[in-house]
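Just so we're on the same page, the working numbering is the position in the sequence shown counted from 1, plus 328.
Where a beta carbon is used, it is the ideal one built from N, C-alpha and C, also for glycine.
Keep in mind the model is a prediction, meaning the values are calculated, not measured.
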Amino acid sequence: MSAPLRIAAFASGRGSNLEAVLENIKAGKLNAKVVVVISNRSKAGVLQVAGQWGIPAFHISQIQFEDKDEFATHLLKVLTEYETQLVVLAGYLKKMPLEIVRAFKNKILNIHPALLPSFGGKGLYGHLVHEAVLEYGCKISGATVHLVDDEYDTGAPIVQRCVPVKEGDTAETLAARVLQVEHQIFSEAIQLFAEGKVEIEGRRVRILSK
Ligand code: GRF
């Protein structure tokens, strides 16, 4: 087997998606290693998750720097130091600086709790996504793992999976159903990269069956 894919994870919240990835690595389902965790929030649960798993974790926020360039340069330095091969946004609520998107072109993944391009974009995150899905009256929702470009939620999809919207769903019950699927497809998408099975042509992401 090839060496584990070296992953840097960015997150702003409790970190259940990161935990699912770490569990799958431990179970031998994912040939990857989370080498560093970065959060823009000092109190984010994800920093504790990283601590429990013995992963170096840092609170790095743009407000700690003079300007955007300095921030991006620092992030790039950390990613380089940890010999990052793939960046995963596991509930990261900030936009990735353009320099990072360019340096890691087609090597940054995001998980979004809806079927993009519906219910995505700036301001549509967390429970707001599920409220919007219910408000619209959708019969299905789901999750999307996609490549990150310089906009919110607009990069090409890699893996998508649906869940039903059920009678009587609230944003909470729908979020919980979608989260189960997030936990599956995030690792699946990462494993596709680990196995070198992803071929990208424009917006078309082909999954090779080698
Ligand atoms: C997930 O629903 C993810 O799709 C969204 O933010 C949430 C993060 O949850 N972008 P967690 O911190 O991984 O538990």
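- Judged by DSSP in its simplified three-state form, Q380 adopts helix.
- For S367, the uninterrupted beta strand (DSSP E) run begins and ends at A360 to S367, by DSSP.
- DSSP, reduced to helix, strand and coil, places G470 within a strand of the structure shown.
- Around V415, the same chain offers A336, F432 and I436 as residues with beta carbons nearer than 6 Å, after the five sequence neighbours per side are excluded.
- Within 8 Å of the C-beta of S537 there is not a single heavy atom belonging to the ligand GRF.
- Taking the Cα positions, E479 is about 30 Å away from E351.
- Beta-bridge pairing by DSSP links Q512 to no other residue.
- Rounded to the nearest angstrom, the gap between the Cα atoms of V491 and D481 is 19 Å.
- Shown here, L443 sits in coil according to DSSP, grouped into three states, outside any helix or strand.
- N438 has L417 and H474 as its beta-bridge partners, per DSSP.
- By alpha-carbon distance to G343, the top candidate from H511, I528 and A522 is H511.
- For the set F447, Y453, T472 and G454, the Cα lying nearest the Cα of V461 is the one of F447.
- Residue nearest to V476 within the set R534, L426 and K538 is L426 (criterion: CA-CA distance).
- The residues A385, in chain order, have a CB closer than 7 Å to that of G379 in the same chain once the five nearest residues on each side in sequence are set aside.
- In the DSSP secondary-structure assignment, P485 is bridged to H474.
- In this structure, the beta-carbon distance from I518 to A360 falls below 9 Å.
- Here R534 is not near Q413, since their CB atoms are 9 Å or more apart.
- Under DSSP, P492 forms a beta bridge with I468.
- For L346, the Cβ falls inside the 8 Å cut-off from some heavy atom of the ligand GRF.
- For F399, the enclosing alpha helix (DSSP H) begins and ends at K396 to E409.
- The three-state reading of DSSP puts A336 in strand, counting E and B together.
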